[in-house]
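What follows is a set of notes on a single structure, which appears directly below.
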Amino acid sequence: MKSIRRWLLGWLICGLATASGIAALAIFHTARDEAGELFDYELRTVALSLPANVEAAETVEREGEEAAGISDDRILIEIWDKDGRLVYHSRESAVLTRLPAGIRTIDRSEGQWRVFGLQQADRFIQVAQPVSVREALALQLALHTLWPLGVFVPVTILLVLFVVAWGLAPIGGLSRLLATRSLDSLEPLRLDGRVPVEVRPLVEALNDLLLRLNVAAEARRAFIADAAHELRSPLAALKLQLQAASNNGTLKDDGQTLERIDRRLNRMIRLVQQLLTLAREDAQSTSVGASVSLRRLGEQAVSDFSLLADEKQIDLGLEFRQPVTREDACNVLTDPHALGVLLNNLIDNAIRYTPQGGKVDVVLTRTSERLGLEVVDNGPGIPEQDLGRVLDRFYRGEHAKGTGSGLGLAIAARIAQRQQLTLSLRNNVGVGGLTVSVSGFMRVAEREITNPS
Numbered sequence: 244m245k246s247i248r249r250w251l252l253g254w255l256i257c258g259l260a261t262a263s264g265i266a267a268l269a270i271f272h273t274a275r276d277e278a279g280e281l282f283d284y285e286l287r288t289v290a291l292s293l294p295a296n297v298e299a300a301e302t303v304e305r306e307g308e309e310a311a312g313i314s315d316d317r318i319l320i321e322i323w324d325k326d327g328r329l330v331y332h333s334r335e336s337a338v339l340t341r342l343p344a345g346i347r348t349i350d351r352s353e354g355q356w357r358v359f360g361l362q363q364a365d366r367f368i369q370v371a372q373p374v375s376v377r378e379a380l381a382l383q384l385a386l387h388t389l390w391p392l393g394v395f396v397p398v399t400i401l402l403v404l405f406v407v408a409w410g411l412a413p414i415g416g417l418s419r420l421l422a423t424r425s426l427d428s429l430e431p432l433r434l435d436g437r438v439p440v441e442v443r444p445l446v447e448a449l450n451d452l453l454l455r456l457n458v459a460a461e462a463r464r465a466f467i468a469d470a471a472h473e474l475r476s477p478l479a480a481l482k483l484q485l486q487a488a489s490n491n492g493t494l495k496d497d498g499q500t501l502e503r504i505d506r507r508l509n510r511m512i513r514l515v516q517q518l519l520t521l522a523r524e525d526a527q528s529t530s531v532g533a534s535v536s537l538r539r540l541g542e543q544a545v546s547d548f549s550l551l552a553d554e555k556q557i558d559l560g561l562e563f564r565q566p567v568t569r570e571d572a573c574n575v576l577t578d579p580h581a582l583g584v585l586l587n588n589l590i591d592n593a594i595r596y597t598p599q600g601g602k603v604d605v606v607l608t609r610t611s612e613r614l615g616l617e618v619v620d621n622g623p624g625i626p627e628q629d630l631g632r633v634l635d636r637f638y639r640g641e642h643a644k645g646t647g648s649g650l651g652l653a654i655a656a657r658i659a660q661r662q663q664l665t666l667s668l669r670n671n672v673g674v675g676g677l678t679v680s681v682s683g684f685m686r687v688a689e690r691e692i693t694n695p696s
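Note that the sequence shown covers residues 244 to 696 in my numbering.
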C-alpha cells in the first residue's frame, strides 16, 4: 500500500541529499582552487620577503616565527647569485634545477613540485613546495568550509520530518476518529477551523457516505421492526382462535394434527418475537448505562423461567463463585433492559437444549474489578466445529435438536457487543454440557443501585 508520508519524506529527503551533495562538491572544488591560488601567493610572498643577504635569509629560515610556518608547509628556498652559483639552499630539502622566472608545476621522481622563480638585480630566488603538501592543506581548508553544510542538512531533514508530520496530522486525526467509532455510530464528522482546505472534500464525502449508510440502516431496521410487529399480532390472534376452536369443539381432529399446528405456531410466534428483539437491538446505536444489581437480575430471571424448568424437571438456580458471596449485590453499570434480554435468552436456550431432569445454573463471577456471569448446563453441548459459528444469525448446527431458530445466541452476542462485554462459549470438560460466559461488567458502589424493573 502506498504511503503519502513515506512518498513525501522519500522525495524531499532524497532531493535535499542530492542537492546538498552537488552543493558540497561545488563548494569543495571552489575552496580547493582558491586554496591553490592562496598557496601560490604564499610562494610569491616568501620569495619577495627574503632579505638581501644570504646570512639574514638563513637566520629567518631557521629561527624566525615565519620559519615555523614555512617549515610546516615544506617550502624549499634556493638562491643563486648573479654569476649563477647556488649560494643558499634550505637544509634537508631536495635540490631543484634552476628554472625560468614565473610559476609552474614540475615532475620529479619523488613527486610533483610547484615552483616560483623571481629574478632580482643581483640574484635569482626560487621557492618550491611539494604538490602533495599543497593538496593535503587545500583538502583541509575545503573540508573546513563544508561544516556548516554538514550541520544544515541534518537540521533540515529534522525540519522536513516535523513539517510533514504536522501537515499530515489532520489525516491521522481523522483516521483515529473513524477507528475509535463504534459500528453503530453513523453521525457525520464535525468540521472545525483546524481541518485544512485540502482535507475538507474528503470529510464531506465521508459525511455524505455516512448519511446514506444511516438512511439505509434506518430503512432496514424499520422494515424488520414493522414486519415483526405486523406478524406478531395476526399470529397471536391465530393462536387464540386455535385454542378457542379446540376448546369449544368446533375444531375436531385426532389430536396429533392440532398438536403439530400448535407447536409450529408457537415456533413462528417465538421467531417473530426474536426478530423484533433483534431489530430493537440493531436500532440502539448507543447503550444507556445505569447501575443495576446482577444478583437481583439473576434472581428475577431464575424466577421467570422456573415454570418452564419445572415442566422438564430441570434444576434451575442461582450460584455464586468465590470471591462472590450471596451477600454481594454485584452492582454493575449497564443497560438493565438489554442485560435482561441477554440473560433470558441464555437461560431459555439452556433449558430448551438440556434434557429431562437436567441442571441449569446461573453463576455470578468476579475477576479483579470486573464482574461476570455464566449460564452452565449439563446438556449435550455444542460440537467443537460449530462453536465459532453458533453466534451467527439463523445458524443451527447439523446436530442441533429442538425447534430453535438460531437467533437466541445471536441476540445475546449482539447485546454483549453493544454493551462492550465479552461473550464466549465453551464445552464443559468431563461433565458435559455448555458454559456461556459474559464478562467485563464494570463494578459500581452499592449505594448507586437502582431497581432494574
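Backbone N, C-alpha and C define an ideal beta-carbon position, used for all residues, glycine too.
- The three-state reading of DSSP puts N621 in coil, since its state is none of H, G, I, E or B.
- In the same chain as V679, and ignoring 5 residues on each side of it, the C-beta atoms closer than 6 Å to its own belong to L589, V618, L668, in chain order.
- Across the set Q369, L551, W356, the C-alpha of W356 shows the shortest separation from the C-alpha of S375.
- If you look at F367, you'll find it in the beta strand (DSSP E) that goes 366-373.
- DSSP places D451 in the helix class (H, G or I) of the three-state scheme.
- Closest in C-alpha terms to I625, from the list L432, W390, N671, comes N671.
- Three or more Cβ pairs drawn from the stretch 649-667 and the stretch 573-590 lie within less than 8 Å of each other, which places the two stretches in contact.
- In this structure, the alpha-carbon of A344 lies about 34 Å from that of H387.
- With contact defined as three or more Cβ pairs closer than 8 Å, the stretch 386-404 and the stretch 287-297 are not in contact.
- Note on geometry: alpha-carbon atoms of L445 and L255 lie some 25 Å from one another.
- Three or more Cβ pairs closer than 8 Å define a contact, and the stretch 358-378 meets that threshold against the stretch 320-333.
- A462 and L259 have their C-alpha atoms roughly 55 Å apart.
- Judged by beta-carbon spacing, I247 lies beyond the 9 Å limit of I512, meaning their Cβ atoms are not closer than that value.
- Here L404 is near L252, since their CB atoms are less than 9 Å apart.
- I654 is a Cβ neighbour of Q517, given a cutoff of 9 Å.
- Going by DSSP, L666 is part of the beta strand (DSSP E) stretching over 665-670.
- By the Cβ neighbour-count rule, V567 is buried, with 16 or more other Cβ atoms within 10 Å of its own.
- Excluding five sequence positions before and after L550, none of the CB atoms of its chain fall closer than 7 Å to its own CB.
- When DSSP states are grouped into helix, strand and coil, R569 belongs to the coil group.
- If you ignore the 5 residues before and after L508, its C-beta comes within less than 6 Å of the C-beta of K482, all in its own chain and listed in chain order.
- Taking the CA atoms as reference points, L319 sits about 10 Å from F359.
- Judged by DSSP secondary structure, V330 falls within the beta strand (DSSP E) whose first and last residues are 329-332.
- Within the same chain, and ignoring the five residues on either side of A656 in sequence, the residues whose Cβ sits closer than 7 Å to its Cβ are L634, L666.
- In the structure shown, the three-state DSSP call for R686 is strand.
- Under DSSP, Q362 shares a beta bridge with F367.
- In the DSSP assignment, S352 falls outside any alpha helix (DSSP H), carrying neither H nor E.
- In this structure, D604 is the residue among E570, R564, D604, F282 with its C-alpha nearest to the C-alpha of S546.
- The beta carbon of N457 is closer than 6 Å to those of L429 in its chain, skipping five residues each way along the sequence.
- The continuous beta strand (DSSP E) containing V605 extends over residues 602-610.
- DSSP, reduced to helix, strand and coil, places D324 within a strand of the structure shown.
- N621 and Q486 have their C-alpha atoms roughly 34 Å apart.
- DSSP places E441 in the coil class of the three-state scheme, outside both helix and strand.
- The closest CA to that of A479, considering only F466, A448, D451, L514, is found on L514.
- In the same chain as L449, and ignoring 5 residues on each side of it, the C-beta atoms closer than 7 Å to its own belong to L432, in chain order.
- The criterion of a C-beta distance shorter than 9 Å is satisfied by L607 and L537.
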